[in-house]
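Peer 1:
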Amino acid sequence: MIMMRAVTLAAAALAFSFPASAVYAVEQPAAVPQLLPIGVAVGALPLAVEDRTGYQRTSFKHWNVGANPTDGCNTRAEVLIAEAVVTPGVGPGCTLAGGVWWSYYGEREMTPAGALDIDHVVPLAEAWDSK
(Lines of atoms letter the chains of each structure in order from A and count residues from 1; the text may use other names and numbers.)
(Lines give C-alpha, C1' and ligand atoms only; values in the text may rest on other atoms or scores of the structure.)
Protein backbone atom coordinates (compact mmCIF):
# COMPACT_ATOMS: atom_id res chain seq x y z
CA MET A 1 0.00 0.00 0.00
CA ILE A 2 2.79 2.41 0.89
CA MET A 3 4.63 1.47 -2.31
CA MET A 4 1.47 2.13 -4.39
CA ARG A 5 1.00 5.54 -2.75
CA ALA A 6 4.66 6.45 -3.38
CA VAL A 7 4.38 5.48 -7.05
CA THR A 8 1.15 7.49 -7.43
CA LEU A 9 2.71 10.56 -5.79
CA ALA A 10 5.84 10.23 -7.91
CA ALA A 11 3.75 9.99 -11.08
CA ALA A 12 1.72 13.03 -10.09
CA ALA A 13 4.85 15.03 -9.28
CA LEU A 14 6.41 14.03 -12.58
CA ALA A 15 3.27 15.02 -14.51
CA PHE A 16 3.23 18.48 -12.94
CA SER A 17 6.94 19.07 -13.47
CA PHE A 18 6.62 19.39 -17.25
CA PRO A 19 5.01 22.37 -18.95
CA ALA A 20 1.54 21.52 -20.14
CA SER A 21 0.63 21.86 -23.77
CA ALA A 22 -2.80 23.28 -22.90
CA VAL A 23 -3.65 26.82 -23.91
CA TYR A 24 -3.57 29.20 -20.98
CA ALA A 25 -6.06 32.05 -20.69
CA VAL A 26 -4.16 35.30 -20.63
CA GLU A 27 -5.86 38.20 -18.93
CA GLN A 28 -6.37 40.99 -21.43
CA PRO A 29 -5.82 44.56 -20.31
CA ALA A 30 -8.99 46.59 -19.87
CA ALA A 31 -10.01 48.60 -22.91
CA VAL A 32 -8.97 52.22 -22.69
CA PRO A 33 -11.99 54.55 -22.95
CA GLN A 34 -11.90 56.79 -25.99
CA LEU A 35 -13.20 60.32 -26.36
CA LEU A 36 -14.64 60.83 -29.82
CA PRO A 37 -16.45 63.72 -31.46
CA ILE A 38 -20.16 62.94 -31.44
CA GLY A 39 -20.31 62.74 -35.23
CA VAL A 40 -17.59 60.06 -35.27
CA ALA A 41 -19.24 58.12 -32.44
CA VAL A 42 -22.66 58.21 -34.13
CA GLY A 43 -21.09 57.19 -37.44
CA ALA A 44 -19.64 54.09 -35.76
CA LEU A 45 -23.05 52.81 -34.62
CA PRO A 46 -24.38 49.74 -36.45
CA LEU A 47 -27.40 50.23 -38.71
CA ALA A 48 -30.55 48.13 -38.34
CA VAL A 49 -33.61 47.57 -40.50
CA GLU A 50 -36.49 49.78 -39.40
CA ASP A 51 -39.91 48.35 -38.55
CA ARG A 52 -42.91 50.47 -37.55
CA THR A 53 -45.15 47.46 -36.78
CA GLY A 54 -47.19 48.15 -33.64
CA TYR A 55 -46.27 51.85 -33.34
CA GLN A 56 -49.04 54.17 -32.11
CA ARG A 57 -48.22 57.76 -31.13
CA THR A 58 -51.05 57.69 -28.60
CA SER A 59 -49.20 54.96 -26.67
CA PHE A 60 -46.76 57.63 -25.51
CA LYS A 61 -47.89 60.30 -23.07
CA HIS A 62 -46.82 63.83 -23.78
CA TRP A 63 -45.60 66.11 -21.00
CA ASN A 64 -46.56 64.82 -17.60
CA VAL A 65 -46.68 66.67 -14.28
CA GLY A 66 -42.98 66.07 -13.67
CA ALA A 67 -41.15 64.65 -10.68
CA ASN A 68 -42.95 66.94 -8.21
CA PRO A 69 -46.62 67.28 -9.16
CA THR A 70 -47.11 70.17 -6.72
CA ASP A 71 -44.50 72.60 -8.13
CA GLY A 72 -46.28 73.29 -11.42
CA CYS A 73 -43.29 72.20 -13.53
CA ASN A 74 -43.94 69.63 -16.23
CA THR A 75 -41.22 67.36 -17.58
CA ARG A 76 -40.25 69.86 -20.30
CA ALA A 77 -39.61 72.59 -17.74
CA GLU A 78 -37.69 70.19 -15.50
CA VAL A 79 -35.45 69.20 -18.42
CA LEU A 80 -34.88 72.85 -19.33
CA ILE A 81 -33.93 73.69 -15.73
CA ALA A 82 -31.65 70.66 -15.40
CA GLU A 83 -29.89 71.19 -18.75
CA ALA A 84 -29.40 74.96 -18.53
CA VAL A 85 -25.89 76.39 -18.80
CA VAL A 86 -27.22 79.46 -16.98
CA THR A 87 -30.17 78.45 -14.79
CA PRO A 88 -33.40 80.29 -15.58
CA GLY A 89 -35.53 81.94 -12.93
CA VAL A 90 -38.63 79.94 -12.07
CA GLY A 91 -41.81 81.95 -11.53
CA PRO A 92 -45.37 81.08 -10.53
CA GLY A 93 -46.76 78.12 -12.45
CA CYS A 94 -43.18 77.22 -13.37
CA THR A 95 -42.78 80.01 -15.91
CA LEU A 96 -39.11 80.21 -16.88
CA ALA A 97 -37.36 83.57 -17.22
CA GLY A 98 -33.88 84.00 -18.62
CA GLY A 99 -31.55 81.06 -18.81
CA VAL A 100 -29.11 79.88 -21.45
CA TRP A 101 -28.83 76.42 -23.03
CA TRP A 102 -26.17 74.75 -25.19
CA SER A 103 -27.27 73.25 -28.50
CA TYR A 104 -25.18 70.19 -29.29
CA TYR A 105 -26.67 70.21 -32.78
CA GLY A 106 -25.99 73.84 -33.62
CA GLU A 107 -22.91 74.02 -31.37
CA ARG A 108 -24.03 77.35 -29.94
CA GLU A 109 -25.78 78.84 -26.93
CA MET A 110 -29.56 79.15 -27.16
CA THR A 111 -32.09 81.43 -25.50
CA PRO A 112 -35.01 81.87 -24.71
CA ALA A 113 -36.45 78.56 -23.50
CA GLY A 114 -39.31 78.84 -25.99
CA ALA A 115 -36.80 78.54 -28.85
CA LEU A 116 -35.85 75.04 -27.74
CA ASP A 117 -37.50 71.80 -28.73
CA ILE A 118 -37.36 69.30 -25.90
CA ASP A 119 -40.01 66.91 -27.22
CA HIS A 120 -37.61 64.12 -28.18
CA VAL A 121 -33.98 63.92 -29.24
CA VAL A 122 -35.14 61.26 -31.68
CA PRO A 123 -38.75 61.34 -32.90
CA LEU A 124 -40.82 58.59 -31.28
CA ALA A 125 -41.70 56.95 -34.59
CA GLU A 126 -38.02 56.86 -35.60
CA ALA A 127 -36.99 55.37 -32.27
CA TRP A 128 -39.77 52.76 -32.60
CA ASP A 129 -38.69 51.90 -36.16
CA SER A 130 -35.09 51.43 -35.05
CA LYS A 131 -35.77 49.21 -32.04
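For the sequence shown, the residue numbers in mature numbering (1 follows the signal peptide of the UniProt record, and there is no 0) are -22 to -1, 1 to 109.
The beta carbon of each residue, even a glycine, is placed where N, CA and C say it ideally should be.
Please report the straight-line C-alpha distance between residue 117 and L94, rounded to a whole angstrom.
Peer 2: Here the chain covers residues -22 to 109 and nothing more, so residue 117 does not appear.
Peer 1: Using only the alpha-carbon positions, how far apart do R86 and W79 sit?
Peer 2: Sequence index remark: in the sequence shown, residue 86 carries index 108 (1-based). Sequence index remark: in the sequence shown, residue 79 carries index 101 (1-based). About 8 Å.
Peer 1: Decide yes or no for the touch test of the region 45 to 53 against the region 65 to 82: beta carbon pairs closer than 8 Å, at least 3 of them.
Peer 2: A contact exists between the region 45 to 53 and the region 65 to 82.
Peer 1: By Cβ distance, which residues of its chain are closer than 8 Å to V57, with the 5 residues on each side in sequence left out?
Peer 2: If you number the sequence shown from 1, residue 57 lands on position 79. Once the five neighbours on either side are set aside, the close Cβ partners of V57 are I96.
Peer 1: In chain order, what residues of the same chain have a beta carbon less than 8 Å from the beta carbon of A107, not counting five sequence neighbours either side?
Peer 2: For this step, residue 107 is matched to residue 129 along the sequence shown. Note that residue 107 is Asp in the sequence shown, not Ala. Correct list, in chain order: E28, D29, R30 and Y33.
Peer 1: Which residue comes first and which comes last in the alpha helix (DSSP H) that contains E104?
Peer 2: What you label residue 104 is simply residue 126 of the sequence shown in a count that begins at 1. Start and end: L102 to D107.
Peer 1: Tell me the rounded alpha-carbon separation between P90 and I16.
Peer 2: As a first step, residue 90 is located in the sequence shown; it is residue number 112 there, counting from the start. As a first step, residue 16 is located in the sequence shown; it is residue number 38 there, counting from the start. Going by the C-alpha atoms only, they are around 25 Å apart.
Peer 1: Would you say T53 and I59 are within 8 Å of each other, going by their C-beta atoms?
Peer 2: By one-based count along the sequence shown, residue 53 stands at place 75. By one-based count along the sequence shown, residue 59 stands at place 81. Not in contact: T53 and I59 (Cβ atoms no closer than 8 Å).
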